[in-house]
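S.K.: If you use our numbering, the sequence shown closes out at 626, no skipped numbers anywhere. What follows is a single structure, and I will ask about it in a moment.
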Amino acid sequence: MRLAAKQFGAVARLTVLEAIRQPICLLLAGTAILFTALLPVLIMHQMGDSQKLVRDSALATHFLFGLLFAGYTACTAVQHEIKRGTVSAILVKPIGRELFFLAKFTGVAAVLVLFSLGLTTATLLAARMSAELYVVDWWAGGALLGAIGLAIVVALFLNYFLRRPFVSTAFGLLLVLLVVALGVSSFVDSSGKAVAWGANVTWRLVPASLLVTFALLVLAGVAVTVATRLDTVPTLAICTVIFLLGLMTDYLFGRIAGENKVAAILYAVLPNWQHFWLTDALSNDGSIPWVYVVRAGGYAFFYLAGVLCLGILAFRRTELKA
């Protein structure tokens with residue numbers, strides 16, 4: 305057991321390191337965070353609905369870019385290594401395919417959680433920027449944009465003078481500086497006056513972002529499973545189709561599930577993303593109960609367990625290059 309745990313940890317850790325060194329991962333995360341930061345400026349004059357639009361748009365950005373991030377990271381972790389033949393070299397050692405597959409998914413999931421942490425922090429700051437009508441809170445916005453710029457500048461400095469890898473360094477600094485920006489800016493209000501820490505932060509967005517993260521983890525499981533057989537573009541295409549069908553499953557299959565057996569099967573098999581998208585519950589200062597978050601997490605866990613079982617079966621029969 306100790307050897308298996310050691311092997312599992314080593315494969316998962318290497319998967320995380322390889323993923324955050326991919327330029328496309330930094331590009332996706334940076335673009336999503338920057339777009340979220342600019343949302344309050346782009347839609348601040350919307351007849352008093354700017355905060356709702358910023359909140360919904362930020363969560364949608366989290367979901368959409370998370371889909372691309374999960375799909376590409378899964379292909380990097382599994383399909384690209386199969387093509388290069390590195391999987392065969394690893395499996396020659398006493399490590400089972402099941403352990404290798406689950407460790408790969410764990411690494412992908414860990415990187416996806418880091419991505420979601422960055423987007424959640426950016427969403428909290430962006431929501432604060434648009435809290436007042438026709439006014440941008442630059443104590444939050446300046447900290448958010450400053451964290452993005454400072455992460456890039458410091459990563460360039462470390463790369464030039466200390467030969468540190470730019471992509472992984474910038475990715476790590478971006479997450480750290482975003483958390484610091486949220487923590488520091490939470491001590492002041494929009495006018496710069498000191499307030500109790502976190503009093504001006506819309507913490508009820510955290511459950512909504514957590515639900516989106518659960519959905520992305522399910523998508524990551526689907527992507528890792530499909531990546532055992534297909535390359536990047538087909539994997540992303542299949543994940544996108546599942547994403548779109550899951551958004552419409554209530555309309556397409558739920559209405560006729562009681563009358564049509566095929567519709568009932570599809571309604572049960574396809575993931576229902578509406579369980580993870582509760583932006584309407586946040587309207588009029590509403591909130592998402594943590595009990596619901598736990599239940600949605602249970603749904604995501606059991607669905608993900610089923611998907612990973614299919615992935616293990618598929619990976620057992622995958623031909624590997626030497």
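Here a beta-carbon is modelled for each residue, glycine too, at the ideal position from N, C-alpha and C.
(1) Might you give, ordered along the chain, the residues of its own chain that have their beta carbon closer than 6 Å to the beta carbon of serine 420, omitting 5 neighbours on each side?
(2) Closest by CA to glycine 590, which one among Asp554, Thr506, His579?
(3) Please confirm whether proline 327 and valine 471 have their CB atoms less than 8 Å apart.
(4) Using CA atoms only, rank isn't needed, just tell me which of Trp443, Pro593, Ile542, Ala455 is closest to proline 511.
(5) Where in the stretch 565-624 do unbroken runs of the beta strand (DSSP E), each at least 3 residues long, occur, reported from the N-terminal end onward?
(6) So is arginine 359 buried or exposed if we call it buried at 16+ other beta carbons inside 10 Å?
(7) Check the DSSP bridge columns for alanine 336 and list the partner residues they point to.
(8) Could you tell me the alpha carbon to alpha carbon distance between cysteine 613 and leucine 429, rounded to whole angstroms?
(9) Mapping DSSP to helix, strand and coil, what is valine 492?
(10) Which term fits isoleucine 560, buried or exposed, when burial requires 16 or more other beta carbons within 10 angstroms of its beta carbon?
(11) Identify every run of the alpha helix (DSSP H) within the stretch 390-421, keeping only runs that are complete inside it and at least 4 residues long; order them along the chain.
(12) Per DSSP, alanine 498 is paired with what?
(13) Taking C-alpha atoms, which residue in Leu462, Thr410, Phe606, Leu368 lies nearest to alanine 323?
(14) Grab the span of the alpha helix (DSSP H) containing glutamine 383 for me, first residue to last.
M.R.: From the atom records:
(1) Hits under 6 Å: Thr517.
(2) Looking at the Cα atoms, Thr506 is the closest of the given residues.
(3) Yes, they are a contact pair.
(4) The residue with the shortest Cα to Cα distance from proline 511 is Pro593.
(5) Within the stretch 565-624, no run of beta strand (DSSP E) at least 3 residues long lies entirely inside it.
(6) It is buried - the Cβ of arginine 359 has at least 16 other Cβ atoms within 10 Å.
(7) DSSP lists no bridge partner for alanine 336.
(8) Using only the alpha carbons, I get a separation of about 38 Å.
(9) If DSSP states are grouped into helix, strand and coil, valine 492 belongs with the strands.
(10) That one is exposed.
(11) Runs of the alpha helix (DSSP H) inside the stretch 390-421: 390-395.
(12) Answer by DSSP bridge pairing, in chain order: Val492.
(13) Closest option to alanine 323, Cα to Cα, is Thr410.
(14) According to the DSSP assignment, glutamine 383 belongs to the alpha helix (DSSP H) that extends over 383-388.
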